[in-house]
Amino acid sequence: MPVKIYHDDDADVDIVRSKTVAFIGYGNQGRAQALNLRDSEVNNIIIGNIDDDYAKQAQEDGFTPVSIEEAVRQGDILMLLIPDEDQQTVWNEKIRNNIKPNTTLVVASGYNVAFNLLDLPDDMDVVMVAPRMIGAGVRDRYVQNIPYPCFVSVEKDVSGTALATCLSIACAIGATRGNGAVSSSCREEAGIDLFAEQALWPEIMAIFREGYNVLHEAGFSDEAILFDMYLSKEPAEIFERAADEGFVKQLKYHSRTSQYGQLSTMNRHDGKDIREKFRRVLNDNILSGNFAKKWSNTKWAAEELTKEWKEVENAPIVQADQRVREVLKPDRKK
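Be aware that the sequence shown starts at 4, since it is given in this note's numbering, and climbs by one per residue.
Written out as structure tokens, the structure reads:
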């Protein structure tokens, strides 16, 4: 059954214009969405941020940042736009005890809501407005009047008006233009996002790593290998064509030799082993909540991430990448 897609005509921007909107965080998404709301004539915007470079940026953009606690106390709508791994701690320490009655929480990532990491007031509406691109893209496309993909959902509707509020915000940041905003859920958004991060992209990166190893062992030069694999930016062009014209239809831009090589190999790859691996990652690690429980331990998370970075820096493809980039520097003395 097709999912519901919402367009500008489904939204009433006056709803968000009549509210005080408090931003918790002025980083990647926070800045873009705050500027878009302001340009949509949402005038009551409060920026809650710690005293850092993001707060300075907010000042340069014409806002007067306040503490997170003060922003929460003023907000009818709370835009929680800080990193996933920080949200639970900030929520418990600075947000939960300062929330006004009958407030709406808006998240751009479903993670903390999907895995029940936030202690939500009984009278709070919870919605998701989740642009599917980085904040700079959200801002640039709004300014250029270009549509961009976005997921929306209602997770908790105490007031009976949560959907209207959700669509009002989505419209005001430019997310209901063109093809519209796609109805989803925090569970779906978080599940797919984590699956891409823990299953799909690691597998792709491992394939490139092992491809390099095999070609290097065969005596091919690092420069030739890396240029053919990704330095030429050909993979980016392929994915762009896939997005524009279709996952398989983009192959028509390849030579017949390339088409045959890719199709004949893919069609005979039963995918059984990788499918089972992916299921384990999705069910045992993600949907079970096991990863969320571990990642909520911020000290453990920081230590583990540092370990992973140290390990990957020793990979042969990473060492080769650094050598080749050093050789290719435009200002390198000959």
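The beta carbon of each residue, even a glycine, is placed where N, CA and C say it ideally should be. Here the structure is a predicted model, which is why all the values come from computation and not from measurement.
Checklist entry - Which term fits LYS337, buried or exposed, when burial requires 16 or more other beta carbons within 10 angstroms of its beta carbon? => result Note that LYS337 scores 49 on pLDDT, short of 50, meaning its location in the model is unreliable; the coordinates nonetheless yield the value given after this. It counts as exposed.
Checklist entry - For the beta strand (DSSP E) that contains LYS159, what are its first and last residues? => result 153-159
Item to check | As assigned by DSSP and simplified to three states, the class of ALA221 | outcome: coil
Checklist entry - Alpha carbon to alpha carbon, how far is LEU254 from GLN262? => result Separation of LEU254 and GLN262 (C-alpha to C-alpha, rounded to the nearest whole angstrom) is 6 Å.
Next on the checklist: Judging by CA-CA distance, which residue of GLY274, LEU331 and GLN32 is the nearest neighbour of TYR145?
Outcome noted: GLN32
Checklist entry - Under 9 Å between the Cβ atoms of GLY30 and GLY113? => result Between GLY30 and GLY113, the C-beta gap is not smaller than 9 Å, which leaves the two residues out of contact.
Checklist entry - If you drop the 5 nearest sequence neighbours on each side, which residues of the same chain put their C-beta closer than 7 Å to that of ILE241? => result GLN253
Next on the checklist: Please identify the residue among TRP94, GLU63, VAL330 and TYR57 whose C-alpha is closest to the C-alpha of PHE230.
Outcome noted: VAL330
Next on the checklist: From the DSSP secondary-structure annotation, give me the bridge partner or partners of TYR9.
Outcome noted: Bridge partners of TYR9: ALA184.
Item to check | Paired residues, beta bridge with LEU81 - DSSP | outcome: ALA25 and LEU108
Checklist entry - Can you tell me whether ASN115 is buried or exposed, with buried defined as 16 or more other CB within 10 angstroms of its CB? => result With 16 or more other Cβ atoms from the protein chains shown falling within 10 Å of its own Cβ, ASN115 counts as buried.
Next on the checklist: Please tell me whether VAL155 and LEU170 are closer than 9 Å, where the distance is taken between their beta carbons.
Outcome noted: yes
Next on the checklist: Pop quiz: ALA167 and CYS153 are said to be a contact at Cβ under 8 Å. What is the actual Cβ separation, rounded to whole angstroms?
Outcome noted: About 17 Å separates the two Cβ atoms, so there is no contact after all.
Item to check | Where ILE137 falls: helix, strand or coil (DSSP) | outcome: Residue state, collapsed to three classes: coil.
Next on the checklist: On a Cα-Cα basis, can you pick out the residue from ALA133, VAL130 and TYR151 that is closest to GLY140?
Outcome noted: TYR151
Checklist entry - Given ALA58, which residues of its chain have a CB within under 8 Å of its CB, disregarding the five upstream and five downstream residues? => result TYR29, ILE50, ASN52 and PRO68.
Checklist entry - Who are the near neighbours of ILE320 in its chain, counting only those whose CB is closer than 6 Å to its CB and skipping five residues on each side? => result Within the same chain, ILE320 has close Cβ partners ARG212 and TYR215.
Item to check | Contact under 9 Å by Cβ, ALA193 with LEU285 | outcome: No, they are not a contact pair.
Next on the checklist: Taking the alpha helix (DSSP H) that GLY194 belongs to, which residues open and close that run?
Outcome noted: Per DSSP, GLY194 is one residue of the alpha helix (DSSP H) stretching across 189-198.
Next on the checklist: Quick check: ASP126 and TRP94, are their CB atoms within less than 9 Å of each other?
Outcome noted: no
Checklist entry - Looking at C-beta atoms only, is the number of pairs between the stretch 94-106 and the stretch 37-47 that lie closer than 8 Å three or more? => result no
Next on the checklist: Whether or not the stretch 263-275 and the stretch 83-93 are in contact is what I'm after, with contact meaning three or more pairs of Cβ atoms, one per stretch, closer than 8 Å; do they touch?
Outcome noted: no
Item to check | Coarse secondary structure for VAL3, derived from DSSP in three states | outcome: Residue 3 is absent from the structure shown; the chain starts at 4 and stops at 337.
Item to check | Cβ neighbour criterion (16 or more within 10 Å) applied to MET131 | outcome: buried
Item to check | Counterpart residues of GLY51 in DSSP-defined beta bridges | outcome: ILE27 and VAL69
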